[in-house]
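Okay, structure first, notes after.
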Amino acid sequence: MEPSDAELIAAVRKGDVAQFEPLITRYQPRVFATARRYARREDEVQDIVQEVFIKAFQKLDSYRAEAPFEHWLMRLAVRTCYDFLRSHQRNRETTITELSDPEVDWLERFAAAPAGNEEGSSAARALIDRVLEQLSPEARLVITLLEIEDRSVKEIAELTGWSVPLVKVRAFRARAQMKKILETITREKFL
Amino acid sequence: MELETLHKKLVAVAKASPPSDAVPYAFEKRIMARLSAQTVVDVWALYGRWLWRAVTPCFSVMTGLAIWVLATMPAEPDSNNLEQALENTILSSDDVAGE
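Sequence lines, in order, name chains E and G. For the first sequence, this note's numbering assigns the number 1 to the initial residue and increments by one for each residue that follows. For the second sequence, this note's numbering assigns the number 1001 to the initial residue and increments by one for each residue that follows.
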């Protein structure tokens, strides 16, 4: 039978560093999936995941076991991703001329028939990635957690360490920012 | 263009294609190697930790000594003794010269 998280954590706290490895093996797929939401390049993703586990090891004494270890680790992961976004902030507007042909095709099909347009999801995926990259770190985090991952405001507050009203304010601003970006992208050709 | 619909559609696309949770081969070994290296090399952190641990006992000893010194200090001399002490000090030079 595999040892539980609590047993592994107790062993690590007693100085048996090797017992941290099963914890990494157990949770690294989730941390990788989270990191891939915010970083595109694989080397950046790996750096984020590595930082998350190193922080987890260093801060293990502060883990109180009031919530499952996974929740505590995911809080660390989200906050590390947020720090990554803040340190790699790009303030660059994209216009229609910078979009790839499949992305422009997808937008044209959408403009012609907003209700349809189910084809070309890879182009749509590239387009949403492009839009998310232009959002501020706060806005990107909120849109990702609230709209893409369907988390509640309370959950986001717990994950990010922000207050519930602050999450609501940032969600409102994030939607406005995203609308503005979509407007800029589509302005030249469709408005 | 209907921006609200576009927003919803793009979010739905992102939702429908969650990122991969694939892990590079032996990634956990790489992290463990980093952790082991950190725990071996970080002598200064250990030294700092010991210094912090020494703060409380050092402060206790210092406080204890201060209390002991204050408790064993002789009481303030009365005015006669002070007068005598002053006289002795002033006249000590004459004693030395007389010898």
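Don't be surprised by glycine CBs; every beta carbon is placed ideally from N, CA and C. Here the structure is a predicted model, which means the values were calculated and not measured.
| Check | Outcome |
| --- | --- |
| R109 of chain E in three-state terms, based on DSSP | helix |
| Separation of S4 of chain E from R139 of chain E, as counted between CA atoms | A small correction: the amino acid at residue 139 of chain E is Ala; Arg does not occupy that position in the sequence shown. Rounded to the nearest angstrom, the two C-alpha atoms are 37 Å apart. |
| Rounded separation between V167 of chain E and E44 of chain E - CA only | 26 Å |
| Validate contact between the stretch 1049-1057 of chain G and the stretch 50-62 of chain E using beta carbons, cut 8 Å, 3 pairs | no |
| Chain E within 8 Å of L1051 of chain G, Cβ atoms only | no |
| Where the alpha helix (DSSP H) containing Q46 of chain E begins and where it ends | 42-58 |
| Whether P137 of chain E touches L85 of chain E by CB criterion (8 Å) | yes |
| Nearest neighbour of D150 of chain E, chosen from G:L1003, G:L1006, G:A1014 [CA to CA] | G:A1014 |
| Rounded Cβ spacing between S121 of chain E and S1017 of chain G (contact assumed at less than 8 Å) | 7 Å |
| Cα-Cα separation, K1029 of chain G to M1 of chain E | 22 Å |
| Boundaries of the alpha helix (DSSP H) in which I156 of chain E is found, first to last residue | 153-160 |
| Minimum Cβ-Cβ distance from M1 of chain E to chain G less than 8 Å | no |
| Per-residue burial, Y82 of chain E [other beta carbons within 10 Å of its own, 16 or more giving buried] | buried |
| Inter-residue Cα distance where the pair is F110 of chain E and G161 of chain E | 38 Å |
| The alpha helix (DSSP H) enclosing D5 of chain E, as first and last residue numbers | 5-13 |
| 8 Å Cβ cutoff met for V78 of chain E and T34 of chain E | yes |
| 8 Å Cβ cutoff, V1013 of chain G in contact with chain E | yes |
| Expected contact under 8 Å - CB spacing of P1019 of chain G and R40 of chain E to nearest Å | Rounded, the Cβ-Cβ distance is 10 Å, inconsistent with contact. |
| Contact with chain E by V1023 of chain G, beta-carbon distance below 8 Å | yes |
| Contact under 8 Å by Cβ, A1022 of chain G with F32 of chain E | yes |
| From E:L99, E:A6, E:Y38, E:Q46, residue whose alpha carbon lies closest to that of D61 of chain E | E:A6 |
| 7 Å Cβ cut-off: residues of chain E touching L1006 of chain G | F110, L182 |
| Where E1030 of chain G sits in the DSSP three-state scheme | Note on residue identity: the sequence assigns Arg, not Glu, to residue 1030 of chain G. In this structure, R1030 of chain G counts as helix in the three-state DSSP scheme. |
| Rounded straight-line distance, which links the Cα of K180 of chain E to that of T80 of chain E | 27 Å |
| Where L1003 of chain G meets chain E, residues with beta-carbon distance less than 7 Å | K179, L182, E183 |
| Rounded C-alpha distance that separates A1085 of chain G from A1075 of chain G | 15 Å |
| Assigned exposure category for A67 of chain E - 16 Cβ within 10 Å defines buried | exposed |
| Near-chain G residues of the stretch 25-39 of chain E (beta-carbon distance less than 7 Å), N- to C-terminal order | T25, Q28, P29, R30, F32, A33, R36, R37 |
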